[in-house]
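Undergrad: Would you mind keeping the following structure in view while I ask a few things?
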Amino acid sequence: MTLLTALLYLGLAYCIGRVLLPARTLLARSRWEETALSYLLGTATVVFVTTAGLAVGIPFAVLWWLPLCAGLGCGWRLWRQAESTNTLAASTFSKPLAALLVLLAVGSVAAALALPLNEFDPIYHFGYRGKVLLFDGSATAESIVGMIQADGYGRLVTHPNYPFGIPILEAWTAKLGGWDDRWVQLPLAFWTACMPLVIAFGLRRFGAKAANLGSLVAATTPMLYGSDYLAHGWVDLPRAGLTGEMMLGGGGDLAVATFFATGLALWLRLSSSWRGLTLCGLALAAGAMMKNEGLALAGCTILALLLGQVLPTFRCTLRSLAPVLRLAGVFALLIAPWLLLRAQLPAIDENYTERLNLENVMYYWSAGENPDNSPMGSSGKLKTDPSQERRLDHVLTSFWEECTDWRSWGLLWLLFLCALPVTRQRLANIELRQLCILVLGCATLYFLILLVTPWNYPSLRAKGIPERLLVHLVGVMSLCIGLTASLGQGKGEGEEA
Amino acid sequence: MLHWLSRLHALSAALVLLFLSMAIGQAAMDGFQPTRQRYPASKPLNPVTTTKYIAGLFSHYKGKVIAILDAAPGEDVIPADGATSAESIDKLEEHLRRSGMLPRRSRGGDALQTARGADLVVLVHDVPSYRQINPADLAKVMRSPLVLDNTGVWNSGEFDAAGLVYFNAARMYWPHWLDPEMEQFATFVRNTVPPGEGILMVPNGPLQTTATRARWFLPLNARLLPRRLYLWHPEMGTSFVTTYYQWVNSYNQETPWRGTQKVRLDKRGLSKNLPSAPTRTLSPVEIQAAKNHDVQWILFWRHQPDFLLGDWELVPFTTVLSWSAKSPQNS
Numbered sequence: 046m047t048l049l050t051a052l053l054y055l056g057l058a059y060c061i062g063r064v065l066l067p068a069r070t071l072l073a074r075s076r077w078e079e080t081a082l083s084y085l086l087g088t089a090t091v092v093f094v095t096t097a098g099l100a101v102g103i104p105f106a107v108l109w110w111l112p113l114c115a116g117l118g119c120g121w122r123l124w125r126q127a128e129s130t131n132t133l134a135a136s137t138f139s140k141p142l143a144a145l146l147v148l149l150a151v152g153s154v155a156a157a158l159a160l161p162l163n164e165f166d167p168i169y170h171f172g173y174r175g176k177v178l179l180f181d182g183s184a185t186a187e188s189i190v191g192m193i194q195a196d197g198y199g200r201l202v203t204h205p206n207y208p209f210g211i212p213i214l215e216a217w218t219a220k221l222g223g224w225d226d227r228w229v230q231l232p233l234a235f236w237t238a239c240m241p242l243v244i245a246f247g248l249r250r251f252g253a254k255a256a257n258l259g260s261l262v263a264a265t266t267p268m269l270y271g272s273d274y275l276a277h278g279w280v281d282l283p284r285a286g287l288t289g290e291m292m293l294g295g296g297g298d299l300a301v302a303t304f305f306a307t308g309l310a311l312w313l314r315l316s317s318s319w320r321g322l323t324l325c326g327l328a329l330a331a332g333a334m335m336k337n338e339g340l341a342l343a344g345c346t347i348l349a350l351l352l353g354q355v356l357p358t359f360r361c362t363l364r365s366l367a368p369v370l371r372l373a374g375v376f377a378l379l380i381a382p383w384l385l386l387r388a389q390l391p392a393i394d395e396n397y398t399e400r401l402n403l404e405n406v407m408y409y410w411s412a413g414e415n416p417d418n419s420p421m422g423s424s425g426k427l428k429t430d431p432s433q434e435r436r437l438d439h440v441l442t443s444f445w446e447e448c449t450d451w452r453s454w455g456l457l458w459l460l461f462l463c464a465l466p467v468t469r470q471r472l473a474n475i476e477l478r479q480l481c482i483l484v485l486g487c488a489t490l491y492f493l494i495l496l497v498t499p500w501n502y503p504s505l506r507a508k509g510i511p512e513r514l515l516v517h518l519v520g521v522m523s524l525c526i527g528l529t530a531s532l533g534q535g536k537g538e539g540e541e542a
Numbered sequence: 081m082l083h084w085l086s087r088l089h090a091l092s093a094a095l096v097l098l099f100l101s102m103a104i105g106q107a108a109m110d111g112f113q114p115t116r117q118r119y120p121a122s123k124p125l126n127p128v129t130t131t132k133y134i135a136g137l138f139s140h141y142k143g144k145v146i147a148i149l150d151a152a153p154g155e156d157v158i159p160a161d162g163a164t165s166a167e168s169i170d171k172l173e174e175h176l177r178r179s180g181m182l183p184r185r186s187r188g189g190d191a192l193q194t195a196r197g198a199d200l201v202v203l204v205h206d207v208p209s210y211r212q213i214n215p216a217d218l219a220k221v222m223r224s225p226l227v228l229d230n231t232g233v234w235n236s237g238e239f240d241a242a243g244l245v246y247f248n249a250a251r252m253y254w255p256h257w258l259d260p261e262m263e264q265f266a267t268f269v270r271n272t273v274p275p276g277e278g279i280l281m282v283p284n285g286p287l288q289t290t291a292t293r294a295r296w297f298l299p300l301n302a303r304l305l306p307r308r309l310y311l312w313h314p315e316m317g318t319s320f321v322t323t324y325y326q327w328v329n330s331y332n333q334e335t336p337w338r339g340t341q342k343v344r345l346d347k348r349g350l351s352k353n354l355p356s357a358p359t360r361t362l363s364p365v366e367i368q369a370a371k372n373h374d375v376q377w378i379l380f381w382r383h384q385p386d387f388l389l390g391d392w393e394l395v396p397f398t399t400v401l402s403w404s405a406k407s408p409q410n411s
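Those sequence lines, one after another, are chains C and X. Sequential numbering from 46 applies to the first sequence in our numbering. Sequential numbering from 81 applies to the second sequence in our numbering.
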């Protein structure tokens with residue numbers, strides 16, 4: 046029954062998202078691009094509406110009906126107003142590329158579902174919240190907010206102020222058939238499969254070559270599936286998908302990455318219309334409702350889009366900045382429910398908004414790790430830290446090691462460097478400027494966040510940081526690479542009306 | 081340049097496809113469930129520390145018979161990469177003998193014959209016939225009911241049911257939520273405690289380890305919802321690893337168990353191991369906390385990296401309150 050509910054969800058989300066998209070004659074896309082985009086926008090809508098409902102205290106049992114009713118209504122409308130398939134644009138993919146993308150997509154979905162929830166974050170951070178929504182029906186139930194009590198005894202919950210995007214999808218799936226650690230992952234199994242299609246959609250206006258290259262680069266980046274595979278040699282071979290290096294499944298990082306890429310793809314295609322900006326803001330808001338990092342990424346996006354418009358000449362008009370300001374306004378409206386809900390949740394750790402200040406950055410620029418904060422020190426086994434290395438060196442080294450790790454990234458970072466707007470022709474391209482500033486800005490932000498983290502950095506490194514943050518940038522980097530490849534060639538099909 | 085590099089990057093698809101096919105294929109071979117056997121094996125034993133560990137299990141260790149279950153020389157053991165070498169076992173034997181104990185090795189032979197009259201059975205190799213040994217048969221032939229598992233393959237619940245005291249000396253690399261005894265205990269609690277009722281988790285005394293694996297309250301909490309679990313300062317215990325260490329240190333410094341008394345049980349909920357019950361009376365602060373949060377059950381536990389059924393006991397709060405009332409008799 047849980048599997049059937051999950052399959053029903055896929056259909057409902059598709060219908061909702063499909064209705065939100067402009068007509069095919071107005072916004073050219075292939076069937077597969079449309080399917081991926083519809084699913085993602087439908088999911089973003091479900092997450093937004095349910096979060097808004099939870100924020101004002103509506104029980105999840107009531108909110109569960111909204112996607113069902115809305116999805117059925119949208120499905121009925123699609124059936125009544127069926128657009129001709131002739132209006133769909135042709136796919137830009139060659140047959141070999143399409144075959145490779147299908148193979149990777151099917152493989153990623155199957156691998157995500159091959160095991161039930163089997164990682165720390167999916168079980169404790171997201172799965173637990175999903176169960177709370179299912180059983181307690183509220184995001185502000187004691188099982189989430191009752192951690193800190195006056196008598197020192199409280200409820201057990203990890204990161205109580207994590208967003209509810211993934212738990213909402215899991216709880217929705219489990220509502221009819223009960224909680225099933227495998228099938229609650231079904232709505233979460235399509236992030237990797239959707240991302241190359243969303244990139245192809247975003248780059249379509251720059252030509253088939255750009256779309257194909259961007260999709261290929263994204264789809265073949267190992268980080269979208271797992272990291273560091275075979276890093277310990279062939280002994281890793283049978284352990285694929287078992288360790289903390291697995292990205293597929295019930296975690297939140299791929300969801301953030303995919304919605305972030307979706308928002309930017311929509312920006313590339315539809316930034317001139319209110320509808321497009323709303324969809325773009327919806328995708329960015331959905332990313333922020335999947336994991337807290339999505340909020341920082343959306344903030345960086347607004348800033349990068351503004352900077353890309355202003356730089357390098359510093360000449361701009363309010364008219365040229367208007368779409369970005371509109372997007373900022375739409376995003377602020379769409380993220381408000383989550384911020385309202387988050388204000389009701391205890392923030393016990395990782396308050397980076399407060400922590401990321403000049404004083405902390407200056408301190409950690411020269412300071413080493415606090416020995417009392419190291420695993421050995423805080424466990425009482427070691428009183429002094431044998432490592433005198435500065436945290437700055439630790440973080441710099443780990444970023445370098447990460448970005449040059451071909452097992453996790455292939456040549457993605459090198460490709461991105463090659464795509465930077467260093468020539469006059471590239472610099473003249475406003476979208477490329479914006480995307481490159483965005484990637485560099487986000488990477489810098491993550492660097493600074495890790496520089497001032499309250500945790501012991503080597504311990505974070507051992508737990509897969511910074512790769513689990515940098516994976517958020519895969520889609521945007523692929524857009525940059527594809528866009529750069531298109532420069533010097535004619536415009537593509539599907540310019541919007 | 082960009083196109084050429086992109087094609088080179090696309091070769092990563094081979095690694096991705098290998099990853100996906102292995103992830104799916106291996107999962108299929110295990111019935112699409114995660115199994116402990118696919119994780120790295122525990123580390124080989126260290127003869128010196130293992131000898132000290134064994135000596136620490138007895139109040140008087142001299143003259144104790146130690147049965148070592150090891151593979152026949154040259155025989156493959158499962159899994160081969162984590163197996164203790166024959167040289168290490170020779171050294172263990174030598175250290176035990178030098179300490180005044182009487183080691184005896186099976187060398188791939190009959191485990192029950194080796195264990196006959198032993199005070200402790202030590203499993204050092206994952207030999208299939210030893211893996212499948214019947215604990216009840218072992219209990220019948222041993223002089224003292226102690227087993228030490230250095231491979232992590234035995235199911236401690238089965239040994240507990242046979243009345244054997246099980247110790248795990250293996251460092252396990254599979255995630256703690258796959259522990260079968262934890263799952264067995266969670267099922268027991270689910271069947272005993274109705275949904276919605278509250279459970280206060282109380283350590284039996286000082287927290288004896290900072291091993292992150294010992295945070296059994298995390299998987300239990302996820303499995304027992306919608307039952308309400310309460311813990312002392314969970315904002316520290318459930319947080320990042322270094323904050324968890326601080327939680328252990330803080331608990332031990334605060335000594336909430338001070339002034340309480342150990343309670344022996346005539347009958348236990350799930351475990352058959354009466355002497356190892358982690359039960360004790362509650363301090364006034366703990367009693368007040370239980371009342372504040374309207375809990376109906378107290379879950380006592382011993383903080384250990386391996387989940388042993390004997391280390392856990394679920395008791396109705398009213399029963400625990402009655403212990404406090406007549407605590408001198410129970411001390």
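For glycine and all other residues, C-beta sits at the position ideal for the given N, C-alpha and C.
Would you tell me roughly how many angstroms separate the C-alpha atoms of E538/C and R250/C, rounded to the nearest one?
TA: Looking up residue 538/C in the first sequence gives position 493. Looking up residue 250/C in the first sequence gives position 205. Because E538/C carries a pLDDT of 46, less than 50, the predicted location of this residue cannot be relied on, and the following value inherits that uncertainty. Rounded to whole angstroms, E538/C to R250/C spans 6 Å at the Cα level.
Undergrad: By the DSSP assignment, the alpha helix (DSSP H) with R187/X in it spans what residues?
TA: Against the second sequence, residue 187/X aligns to sequence position 107. No alpha helix (DSSP H) contains R187/X, which DSSP labels as neither H nor E.
Undergrad: With distances taken from CA atoms, which of G175/C, R63/C, C114/C is nearest A127/C?
TA: By one-based count along the first sequence, residue 127/C stands at place 82. Cα-wise, what sits closest to A127/C is R63/C.
Undergrad: Give me the residue from K342/X, L379/X, W312/X with the minimum Cα distance to G272/X.
TA: By one-based count along the second sequence, residue 272/X stands at place 192. Reading off the sequence shown, one finds Thr at residue 272/X, where the question assumed Gly. The option with the nearest alpha carbon to T272/X is L379/X.
Undergrad: Closer than 7 Å by beta-carbon distance: list the chain C residues that pair up with I378/X, in chain order.
TA: Position 298 of the second sequence holds residue 378/X. By Cβ distance, chain C contributes nothing, its closest Cβ being about 12 Å from I378/X, past 7 Å.
Undergrad: Within its chain, find whatever has a CB closer than 6 Å to the CB of W454/C; leave out the 5 residues flanking it on each side and keep chain order.
TA: Locating residue 454/C in the first sequence gives position 409, counting from the first residue. Counting only Cβ-Cβ distances below 6 Å, and skipping sequence neighbours, we find M268.
Undergrad: How many Å lie between T429/C and A488/C at the Cα?
TA: As a position in the first sequence, residue 429/C is number 384, starting the count at 1. As a position in the first sequence, residue 488/C is number 443, starting the count at 1. Below a pLDDT of 50, predicted positions are generally treated as unreliable, and T429/C, at 48, falls in that range; the measurement from the model is reported next regardless. Computed Cα separation, rounded: 32 Å.
Undergrad: Between the alpha carbons of E476/C and N501/C, how many angstroms are there, rounded?
TA: Against the first sequence, residue 476/C aligns to sequence position 431. Against the first sequence, residue 501/C aligns to sequence position 456. Taking the straight line from one Cα to the other gives about 38 Å.
Undergrad: What's the call for G353/C, buried or exposed, on a 16-neighbour Cβ count within 10 Å?
TA: For this step, residue 353/C is matched to residue 308 along the first sequence. Buried, because 16 or more other Cβ atoms sit within 10 Å of the Cβ of G353/C.
Undergrad: Once DSSP output is grouped into helix, strand and coil, what is the label at Y397/C?
TA: Mapped onto the first sequence, residue 397/C falls at position 352. Helix.
Undergrad: Hey, how far is the Cα of N337/C from the Cα of F171/C?
TA: As a first step, residue 337/C is located in the first sequence; it is residue number 292 there, counting from the start. As a first step, residue 171/C is located in the first sequence; it is residue number 126 there, counting from the start. Spanning the two alpha carbons is a distance of roughly 13 Å.
Undergrad: Check whether the region 165-177 of chain X touches the region 244-264 of chain X, taking contact to mean three or more Cβ pairs, one atom from each stretch, closer than 8 Å.
TA: Taking 8 Å as the limit for Cβ pairs, the verdict is that the region 244-264 of chain X does not touch the region 165-177 of chain X.
Undergrad: According to DSSP, simplified to helix, strand and coil, what is A285/C?
TA: Walking along the first sequence from the start, residue 285/C turns up at place 240. Residue state, collapsed to three classes: coil.
Undergrad: What residues of chain X sit near T529/C, judged by a beta carbon separation below 9 Å?
TA: Translated into positions along the first sequence, residue 529/C becomes position 484. By Cβ distance, chain X contributes L82.
Undergrad: By the three-class DSSP mapping on this structure, what secondary structure does L100/X have?
TA: Stepping through the second sequence from its first residue, residue 100/X is reached at position 20. Note: L100/X maps to helix in three-state DSSP.
Undergrad: Ordered along the chain, which non-local residues of its own chain (more than five positions away) have a Cβ less than 6 Å from that of A89/C?
TA: One-based indexing of the first sequence puts residue 89/C at position 44. Hits under 6 Å: L327, A328, A331.
Undergrad: Take S411/X and list the residues in its own chain whose beta-carbon comes closer than 6 Å to its own, dropping the five residues that flank it on each side.
TA: Within the second sequence, the letter at position 331 stands for residue 411/X. Note that S411/X scores 41 on pLDDT, short of 50, meaning its location in the model is unreliable; the coordinates nonetheless yield the value given after this. Only Q341 meet the Cβ criterion.
Undergrad: Going straight from the alpha carbon of L248/C to that of G120/C, what length do you get?
TA: Residue numbering aside, residue 248/C sits at position 203 when the first sequence is read from its first letter. Residue numbering aside, residue 120/C sits at position 75 when the first sequence is read from its first letter. One C-alpha to the other measures close to 28 Å.
Undergrad: Below 9 Å on C-beta distance, what does Y133/X contact in chain C?
TA: The sequence position of residue 133/X within the second sequence is 53, counting from 1. Ordered by position in chain C, no residue passes the 9 Å Cβ test against Y133/X, which lies about 18 Å from the chain.
Undergrad: Would you list, in chain order, the members of the region 351-368 of chain X that have their beta-carbon closer than 9 Å to a beta-carbon of chain C?
TA: Answer set for the region 351-368 of chain X: V365, E366, Q368.
Undergrad: Below 7 Å between beta carbons: does that hold for R303/X and A266/X?
TA: In the second sequence, the residue the question calls residue 303/X occupies position 223. In the second sequence, the residue the question calls residue 266/X occupies position 186. Yes, they are a contact pair.
Undergrad: For the ligand FMN, is there a heavy atom less than 6 Å away from the beta-carbon of C114/C?
TA: Ligands in the displayed structure: none, and consequently the ligand FMN is not present.
Undergrad: Which residues of chain C have a Cβ atom closer than 9 Å to the Cβ of N284/X, listed in chain order?
TA: Translated into the one-based positions of the second sequence, residue 284/X becomes position 204. Residues of chain C passing the Cβ test: none, with the nearest at roughly 17 Å.
Undergrad: What residue range does the alpha helix (DSSP H) around I367/X cover?
TA: Along the second sequence, one-based indexing puts residue 367/X at 287. Segment 364-372, the alpha helix (DSSP H) holding I367/X.
Undergrad: Give a yes or no on whether the minimum CB-CB distance between V395/X and chain C is below 7 Å.
TA: As a first step, residue 395/X must be located in the second sequence, where it is residue number 315. Chain C, which has no Cβ nearer than 7 Å to the Cβ of V395/X, makes this no.
Undergrad: For L340/C and P364/X, I'd like the C-alpha separation in whole angstroms.
TA: Residue numbering aside, residue 340/C sits at position 295 when the first sequence is read from its first letter. Residue numbering aside, residue 364/X sits at position 284 when the second sequence is read from its first letter. Whole-angstrom Cα-Cα distance: 45 Å.
Undergrad: Starting from the C-beta of E404/C, find all residues in its chain whose C-beta is less than 6 Å away, skip the five residues before and the five after it, and write them out in chain order.
TA: As a position in the first sequence, residue 404/C is number 359, starting the count at 1. Closer than 6 Å at Cβ, skipping near neighbours: no residue.
Undergrad: Using a Cβ cut-off of 8 Å, which residues of the region 199-232 of chain C contact any Cβ in chain X, in chain order?
TA: Residues passing the 8 Å Cβ filter: G199, R200, L201, V202, T203, R227.
Undergrad: From the DSSP output, which residues share a beta bridge with L379/X?
TA: For the purposes of this step, residue 379/X is taken as residue 299 along the second sequence, with counting starting at 1. M281/X, L394/X, per the DSSP bridge assignment.
Undergrad: Under the rule that 16 or more other beta-carbon atoms within 10 Å means buried, what is L91/X, buried or exposed?
TA: On the second sequence, residue 91/X is found 11 positions in, with the first residue counted as 1. Answer is exposed; the Cβ neighbour count stays below 16.
Undergrad: What do you reckon, are the CB atoms on L100/X and G374/C nearer than 7 Å?
TA: Within the second sequence, numbered from 1, the residue matching residue 100/X stands at position 20. Within the first sequence, numbered from 1, the residue matching residue 374/C stands at position 329. Going by C-beta atoms, L100/X is not nearer than 7 Å to G374/C.
Undergrad: Decide if V26/X is buried, meaning its Cβ has at least 16 other Cβ atoms within 10 Å, or exposed.
TA: This structure cannot settle anything about residue 26/X, because the visible part of chain X is limited to 81 through 411.
Undergrad: Is the beta carbon of L394/X less than 7 Å from the beta carbon of F180/C?
TA: The residue given as residue 394/X occupies position 314 in the second sequence. The residue given as residue 180/C occupies position 135 in the first sequence. No, these two residues do not count as a Cβ contact at 7 Å.
Undergrad: What does V400/X touch in chain C if you count any residue whose Cβ is under 7 Å from its own?
TA: Counting from 1 along the second sequence, the entry for residue 400/X is found at position 320. Within 7 Å Cβ-Cβ: nothing; V400/X doesn't reach chain C, min ~15 Å.
Undergrad: Out of Y59/C, E79/C, L85/C, point me to the one whose CA is closest to F304/C's CA.
TA: In the first sequence, residue 304/C corresponds to position 259, counting from 1. Taking only the C-alpha atoms, the option nearest F304/C is L85/C.
Undergrad: Chain X beta carbons: is any one of them nearer than 7 Å to that of M192/C?
TA: Reading the first sequence from its first residue, position 147 is the one you call residue 192/C. It does; some Cβ of chain X falls within 7 Å.
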